[in-house]
Each structure stands twice: as structure tokens, then as C-alpha cells.
Amino acid sequence: MNSRDRNLLGFRRDLLTAAAYGVERFLFVYGDKPTAGGRTSELTVRAMMDETRAASADSVFAGCGPFQVGVAAGLRSVPAWKTAADFMFVQVSYSLENLLRWRESVEVAGPVYAGVMVLASAGMARRLAASIPDIDIPGDLVEAVERDRSAGVAAACEQVLAVRDSGAFDGVHLVPVSRYREVAAILERELN
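In my numbering, the protein residues as written are 608 to 799.
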């Protein structure tokens, strides 16, 4: 859930609806800048975490398991309130070294998942590099994807395996973009 366009009343409604459907785990993110309209400032990720934790103790939610809250983090220092989350998703990175260096610098009690994304095209790589702060896409990977569209799939699958082999993370948050079948075929073969 993003905090970008939620107010407190709407967020509480979302928690009630989630509880009614048995949803107990939430990933809270700030959200992209809106292309139209303004951003409400009533809720932040931190406020959503606090509200969710308070809701778990509310009698309205009796019979529901305790809610678990997760956050997203970039490859930079993490505020203390984020380290208190039940789990964390780390920004996509195309550098295992950067991921490992970041992981060594952060104490998080819960599981941490590394972000891995398939580069579907060189154009996509350029758009990501222009719009996402702190993302570093190697030029040789962009060139490889420009020559062969399957290079992005291969690089993402290699990154998944390298993250697994490092033992530094509890898993990955894999974004296969439009290459679900290709990614699944490679990872099923490599992971079995």
C-alpha cells in the first residue's frame, strides 16, 4: 500500500477490509509522485506502520492474527523506525557487491528481500536510470540488452542465484516485467 493518496479514515477502512479477507501482511511504500493532482500529506509510511500496530491491539480486530508490516528501503542508511518493520524489501540493484555492502551496514530483525528486476529493453534501462534515484545500471548490461533482449532475463536470473548463494538475504523480490515464462523456465531449471 502506498501512503501517497490515503487519508487516515480510508486507511482504517483498508485495514478492516484486509482483515475481513484474512490479509495479515502489508508492504507500505511512499509511492511514486502523482502525474495528476496533489499528494496528501496526512499519512506517511511511518504513520501507517504505527496505525497498523495499534490496530492489531484493537478489539475490532479480535480473532485476527497480528498484522505484520514491511517497508521498502534504498541502498543507503535506513532510519531506525524502518528497521523495526517485520520485513524489508530493498530497492532493485544490478550490483551484488552494492547489495552486500548495504546489507552488512544495516541491522534488521526481520527478513530482508533483495530487489531484482529484468531489464526488458535498453529503453527501459534508460528510463529507470533517469527516474529512480540511486539505481546503478551497468552500461555493459544495457549494451547487452540492446543486442539481445534475453540478456536482461539472463542477468536477472544470475542475480537471483548470486543473492541466494550469498546467504545475506532471506530471498528476493523478483520483478520479471513481461518475461515471466523465460524467467520461470531458467529459475526452475537452476533451482531444482
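Just so it is clear, CB atoms sit at the ideal spot from N, CA and C, and this is done for glycine as well.
For residue i, which of the options has the nearest alpha-carbon?
i    : options                   : result
A610 : S663, E658 and S785       : According to the sequence provided, residue 610 is Ser. The question's Ala does not apply to it. For the residues S663, E658 and S785, the minimum Cα distance to S610 belongs to E658.
V697 : R788, E795 and V782       : V782
A716 : W688, L707 and E797       : W688
V676 : T651, L616, R632 and V652 : R632
S684 : A761, F618, A762 and D741 : D741
R619 : A661, I739 and G670       : A661
L768 : M695, V723, P718 and R788 : V723
D747 : I739, R734, A762 and S738 : A762
G670 : V630, I739 and M655       : V630
P718 : S738, N799 and M695       : M695
Within its chain, find whatever has a CB closer than 6 Å to the CB of residue i; leave out the 5 residues flanking it on each side and keep chain order.
i    : result
R710 : A775
L726 : A732, V752 and G759
G778 : Y720
V770 : A721, F776 and V779
V784 : V725 and A727
Q766 : V723
V699 : G722 and M724
Please go through the same chain and pick out, in chain order, the residues whose beta-carbon is closer than 8 Å to the beta-carbon of residue i, but skip the five residues on each side of it.
i    : result
L707 : S773 and A775
D621 : M608 and R613
P745 : Y701 and S702
C764 : V790, I793, L794 and E797
V636 : M608, N609, S610, V652, V678 and A679
I'd like to confirm something about residue i: is its beta-carbon nearer than 7 Å to some heavy atom of the ligand FAD, or not?
i    : result
V760 : As for the ligand FAD, it is missing from this structure, which has no ligand bound.
From residue i to residue j, what does the alpha carbon distance come to, in whole angstroms?
i    : j    : result
R653 : D693 : 13 Å
L616 : A679 : 23 Å
G681 : S712 : 12 Å
S757 : E714 : 36 Å
L623 : E649 : 19 Å
D755 : E704 : 25 Å
G638 : T651 : 10 Å
A691 : R788 : 36 Å
R786 : Y628 : 30 Å
S738 : N799 : 36 Å
M655 : P686 : 15 Å
R734 : D743 : 12 Å
With a cut-off of 8 Å on the beta carbons, I'd call residue i and residue j a contact; round off their distance for me.
i    : j    : result
A626 : F668 : 6 Å
S663 : P673 : 5 Å
Sorted by chain position, which residues of the same chain lie with C-beta nearer than 7 Å to residue i's C-beta, five sequence neighbours on each side aside?
i    : result
A729 : V749, V752 and E753
List in chain order: all unbroken beta strand (DSSP E) runs of 3+ residues lying wholly within the segment 719 to 772.
719 to 724
Which runs of the beta strand (DSSP E) at least 3 residues long sit entirely within the segment 615 to 669? Give them in chain order.
632 to 635
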